[in-house]
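*Asks:*
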Amino acid sequence: MADITMLEAAKHSQDALERSVAKIIVEASPVLEYLPQKTIVGPALRYHREASLGTVSWRGVGGTYTPDAGVINPLFEPLVILGGEIKVDNFEVKVMSNLLNLKAEKYRMKARQAGITFSEAFFEGDTAVDPYQFDGLRKRLTGNQKILQTAGGGTLTLAK
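With the first letter of the sequence shown counted as 1, position 83 gets the number 83 in UniProt numbering; the numbers rise by one all the way through.
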């Protein structure tokens, strides 16, 4: 299956509840509107990252190259679970059923919180703080990949 966004995947669902929950999560987490989702078999996503490209050089006719190879590091990203449990007291359902659909409202609130929590982890997640979540962008971007704003609201500059 091709990588598609959560909202696009929900459009193909036959389950109205699933479509509604996905829509609410995406509304609460604009990142998910653009982030493609992928089906992964197994407990982790394996991938490779280039550590160095190696070198190239110019040479003259009859000259030689210095042998060199780039470095590729195998990495993996463990899958994590984000969710929650909804508990609705039957008393609340009976007492508040004339005001609103209490169960539907509780599901909407839980879905909204899932979107907010995902967005927070996407930017600020840290497995050293919570081993059950994933590392966010702040932890992944290191060294000269960071951009800092100067004190007093000055213009953005590249970190040195």
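In this text, a Cβ means the ideal position worked out from N, Cα and C, and glycines have one as well.
Does F118 pass the burial test, meaning 16 or more other C-beta atoms within 10 Å, or should it be called exposed?
*Replies:* With 16 or more Cβ atoms within 10 Å of its Cβ, F118 is classed as buried.
*Asks:* Can you tell me where the alpha helix (DSSP H) holding V61 begins and where it ends?
*Replies:* Segment: none, V61 is in no alpha helix (DSSP H) and carries neither H nor E.
*Asks:* Let me confirm a value: L53 is counted as buried when at least 16 other C-beta atoms fall within 10 Å, else exposed. Which label applies?
*Replies:* Exposed is the call here.
*Asks:* Distance check for I81 and G136, CA to CA, integer angstroms please.
*Replies:* Near 15 Å, if we compare the C-alpha coordinates of I81 and G136.
*Asks:* Looking only at its own chain, which residues have a Cβ that is under 7 Å from the Cβ of S29, when we skip the five neighbours before and after it?
*Replies:* Closer than 7 Å at Cβ, skipping near neighbours: G115, I116, F118 and S119.
*Asks:* Measuring straight from C-alpha to C-alpha, what distance separates Y65 and T142?
*Replies:* The alpha-carbon atoms of Y65 and T142 are separated by roughly 33 Å.
*Asks:* Could you tell me which residues DSSP puts in a beta bridge with L82?
*Replies:* DSSP lists no partner for L82.
*Asks:* Helix, strand or coil, according to DSSP, for Y132 in the structure here?
*Replies:* Correct three-state label for Y132: coil.
*Asks:* In three-state terms, what does DSSP make of V41?
*Replies:* It is coil, neither helix nor strand.
*Asks:* Between which two residues does the alpha helix (DSSP H) carrying S20 extend?
*Replies:* Element bounds for S20: A16 to A28.
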